[in-house]
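Asker: Numbering (UniProt numbering), first residue to last: 1 to 261.
Quick one: this structure, given as structure tokens, is what I'll be asking you about.
Below, the structure is given as structure tokens:
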């Protein structure tokens with residue numbers, strides 16, 4: 001789970017892309033000029049596995065070569081070894097492999113099993129100009145100018161939990177009943193919205209007050225605990241009785257609402 005979260009965080013925070021085939025027309029294998037071998041699309045090359053294909057719902061652990069491309073047939077796929085592997089990168093590739101704990105890097109000081117595979121035809125290479133995950137990450141404000149260097153030594157990551165109890169919610173409806181609300185069914189729609197809120201949204205035990213305003217503000221109902229259907233109906237009746245007239249003093253309504261709350 002932790003590595004899956006880190007994989008998705010790489011997408012969302014650092015702008016990284018997947019290093020395995022994801023698009024419908026993506027190749028799953030390619031000719032690698034460095035190793036001189038047919039390689040699966042992945043990063044790093046240190047992640048080992050085998051090819052397979054599914055025929056009539058059966059897994060066949062071998063693939064034929066396509067005579068035209070000299071690559072494994074189109075239905076062939078790569079299955080990394082989940083537990084018997086030494087490759088430590090990349091989290092943007094097969095992060096579910098037990099040994100994978102790093103992002104790929106092009107740095108000469110990087111471990112050979114972490115080195116970026118810039119030849120693999122995947123999204124990361126295609127959209128980031130062949131740059132490794134760490135090359136992209138080092139340009140991000142999180143790591144630029146040596147921000148957040150690796151922590152040395154042991155860090156106690158034991159979580160501390162704080163148990164809290166949710167307080168009762170308090171709502172004050174500040175309703176515009178000025179003359180302008182009489183046109184275009186504005187007051188009718190306001191009443192419908194308030195009634196829906198009072199009848200279905202407000203939790204049992206919450207407190208509700210109602211303030212109206214036109215030229216001046218008025219307290220229609222002080223904070224009242226909603227603990228029965230009768231209380232909901234009482235508040236609803238008050239809303240249904242609203243009439244539009246007078247000028248508009250929004251500030252008056254807000255000020256009174258704060259006082260009631």
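Backbone N, C-alpha and C define an ideal beta-carbon position, used for all residues, glycine too.
1. At what residue ranges does the UniProt domain "VWFA" (172 to 255) contain a whole run of the beta strand (DSSP E), taking only runs of 3 or more?
2. Closest to residue 250 by C-alpha separation, out of 197, 226 and 173, would be which residue?
3. Rounded to the nearest angstrom, what separates residue 81 and residue 70 at their Cα positions?
4. Roughly how many whole angstroms lie between the Cα atoms of residue 248 and residue 182?
5. What does DSSP give as the partner residues of residue 30 in its beta bridges?
6. Span of the beta strand (DSSP E) holding residue 53?
7. I think residue 102 touches residue 91, with their Cβ atoms under 8 Å apart; what is that distance to the nearest whole Å?
8. Would you be able to state if there are at least three C-beta pairs under 8 Å between the segment 38 to 46 and the segment 70 to 79?
9. Does DSSP classify residue 77 as helix, strand or coil?
10. Confirm, please, whether the CB-CB distance from residue 132 to residue 176 is below 8 Å.
11. Are the Cβ atoms of residue 46 and residue 78 separated by less than 8 Å?
12. CB residue 121 to CB residue 30, shorter than 8 Å?
13. Counting Cβ pairs, one atom from each stretch, are 3 or more of them under 8 Å apart for the segment 186 to 194 and the segment 223 to 233?
14. Restricting to Cα atoms, I'd like to know which of 236, 153, 220 and 19 is closest to residue 117.
Answerer: Short version:
1. 207 to 213 and 217 to 225
2. Here residue 250 refers to the residue found at position 250 of the chain shown. Comparing Cα positions, the closest option is 173.
3. Walking along the chain shown from the start, residue 81 turns up at place 81. Walking along the chain shown from the start, residue 70 turns up at place 70. A direct Cα-Cα distance of roughly 24 Å separates residue 81 from residue 70.
4. Residue mapping note: residue 248 aligns to position 248 of the chain shown, counting from 1. Residue mapping note: residue 182 aligns to position 182 of the chain shown, counting from 1. One C-alpha to the other measures close to 13 Å.
5. One-based indexing of the chain shown puts residue 30 at position 30. Partner(s): 39.
6. For the purposes of this step, residue 53 is taken as residue 53 along the chain shown, with counting starting at 1. Start and end: 49 to 55.
7. Reading the chain shown from its first residue, position 102 is the one you call residue 102. Reading the chain shown from its first residue, position 91 is the one you call residue 91. In this structure residue 102 is in contact with residue 91, their Cβ atoms being roughly 7 Å apart against a cut-off of 8 Å.
8. yes
9. Indexing the chain shown from 1 puts residue 77 at position 77. Reduced to three states, the DSSP call for residue 77 is strand.
10. As a working note, residue 176 is residue 176 in the chain shown. As a working note, residue 132 is residue 132 in the chain shown. Their beta carbons are not under 8 Å apart, which means residue 176 does not touch residue 132 by this criterion.
11. Within the chain shown, residue 46 is the residue found at index 46, counting from 1. Within the chain shown, residue 78 is the residue found at index 78, counting from 1. Cβ atoms of residue 46 and residue 78: not closer than 8 Å.
12. For the purposes of this step, residue 121 is identified with residue 121 of the chain shown, where counting begins at 1. For the purposes of this step, residue 30 is identified with residue 30 of the chain shown, where counting begins at 1. Their beta carbons are under 8 Å apart, which means residue 121 touches residue 30 by this criterion.
13. no
14. As a working mapping, residue 117 is identified with position 117 in the chain shown. Checking every option, the nearest Cα to that of residue 117 belongs to 19.
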